[in-house]
Amino acid sequence: KKYVLDLKVSSVERVNARNVLIKLTDEKPLPEMLPGQFVEVRVDGSPSTFLRRPISINFVDKERNELWLLVATVGEGTHTLARLREGDVLNCVLPLGNTFAPLTSPSERVLLVGGGVGVAPLLYFGKQIKEAGGSPVFLLGARTEADLAEVSLFEKYGKVCITTEDGSVGEKGFVTNHSVLSTERFDRISTCGPKPMMMAVARYAHQASIPCEASLENMMACGVGACLCCVEKTTEGNLCVCTEGPVFDTRRLMW
Ligand code: FES
C-alpha cells in the first residue's frame, strides 16, 4: 500500500559540500518502509520542478518516528529541497519500489558497496542486517574524503572499508580494487551508486561467482509505471525501474 503524506521537516543538515540530510516526521506513526524502497517527493516553489523526485530511503528511525532522506544537490529541484527548513511540509508518496533481499541467515556474509549519494539506502539495509544477527561489511567509494557521508553512522552497523580516488582517506582507487575483496569471502553483494561503479561491481561479482543485486537510479518522473522514462533493458525485456525495481539481480541486466 502506498501513502501520500504531508510530512513535517524536523531538520535539514548539510553533511558535506554536495549532500544534505533531511529528516521528516509525522504526528501519526510512519508507514512501514523497507531497505531499498524509495519515496517520491513533490518539489514545490518553481514552475520547472513540478515533477516529483525519487529519493531513496536513507534511514528510518522508529523511536523518533523519523524518515531520513540523503539528497545530493545537483539540480534546481534538489537545491529547492536543500532550502527546506524545520517546520516546512514535504509532500511524499511512500513507500515505493521493491527491497534489497533480506538476510537469509546470521552467518551470511553480505558486502554492501556504495558510491556517492548511492550509499544512502545501504545505511538502513545495514541496520536491518545487523538486527537480523548478521555483520555487514560496507565498502564506500568517493572521489575525496570531503565527499563521504555518514561514515560514523555506517560504523554502528558493520565494518566500514573506504576507497577514495585521490587517496585522501582509505585505500586509493576504486571500490573494486579494495583489498577487502581479496582478504574476505562474501556470500552476496548489494550495490548502489553511479552506474559505472555498479557495473564494475557486478562484473567483479560475476567473475567471483557471488550473487549481486544493484539498486538502479534511472531517471524517474511519475514513479508509478506511467511515463516509461525509467525503463531498463533486462533479460526479460524492458522493465520500469520504478515499479519492477529499483533493486535488480545484476544477472537480469544487460550490462
Ligand atoms: Fe514513470 Fe517509471 S518513472 S514509468
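The sequence shown lines up with residues 57 to 311 when you count with our numbering. The beta-carbon is built from N, C-alpha and C at its ideal position, and this holds for glycine as well. Fair warning: this is a prediction, and the values are worked out from it, not measured in the lab.
Spatial neighbours of residue i in its chain, beta-carbon cut-off 8 Å, leaving aside the 5 residues before and after
i    : result
N72  : A202, D203, L204, A205
N121 : T81, D82, P85, L86
L159 : V166, Q184, I185, A188, G189, G190
A277 : L107, R108, C283, C285, C286
Assigned exposure category for residue i - 16 Cβ within 10 Å defines buried
i    : result
T219 : buried
S235 : exposed
M310 : exposed
G133 : buried
V169 : buried
G279 : buried
L284 : exposed
heavy atom of the ligand GTP below 7 Å from residue i C-beta
i    : result
G249 : As for the ligand GTP, it is missing from this structure, which binds only the ligand FES.
Residue i to residue j span [Cα, whole Å]
i    : j    : result
L80  : V95  : 12 Å
G171 : K57  : 30 Å
V175 : R74  : 13 Å
A188 : C268 : 20 Å
C130 : A258 : Correcting the residue identity first, residue 130 is Val in this sequence and not Cys. If I take the Cα positions, the gap works out to 26 Å.
I111 : A270 : 16 Å
A198 : L295 : 29 Å
S161 : C248 : 22 Å
S224 : Y59  : 42 Å
L237 : T291 : 28 Å
A264 : P192 : 19 Å
Closest residue to residue i among the options (Cα-Cα distance)
i    : options                : result
G301 : E288, V225, G153       : G153
S66  : E132, F304, L123       : L123
G214 : L179, I245, F230       : L179
A282 : N274, E269, I113, C298 : C298
L63  : L125, G182, E273       : L125
N274 : F304, K183, V287       : V287
K289 : I111, L272, S112, F181 : L272
D100 : I185, H135, S265, L159 : H135
Q184 : L237, C248, K118, T232 : K118
H262 : G279, R308, E221       : R308
L61  : A277, R139, V149, V68  : V149
R139 : L77, T200, P177        : L77
7 Å Cβ shell around residue i - same chain, five flanking residues per side excluded
i    : result
V216 : F194, L196, V207, F210
R98  : R108, N147
M232 : Before going further, note that residue 232 is Thr rather than Met in the sequence given. A256, V257, Y260, listed in sequence order.
6 Å Cβ shell around residue i - same chain, five flanking residues per side excluded
i    : result
F156 : P91, G92, F181, S246, V303
E321 : The structure shown has nothing for residue 321, since the chain only spans 57 to 311.
M89  : I113, V116, P151
P252 : none
T306 : A258, C268, A270
G229 : T219
A128 : R74, N75, V173
M254 : T247, A270
T200 : T220, D222, S224
Exercise for the section: Tell me, please, whether the region 207–216 touches the region 143–153 by the rule of three or more beta-carbon pairs shorter than 8 Å. Expected result: no
Exercise for the section: Mind the definition here: the region 240–258 touches the region 157–173 only if three or more C-beta pairs lie below 8 Å; say whether that holds. Expected result: yes
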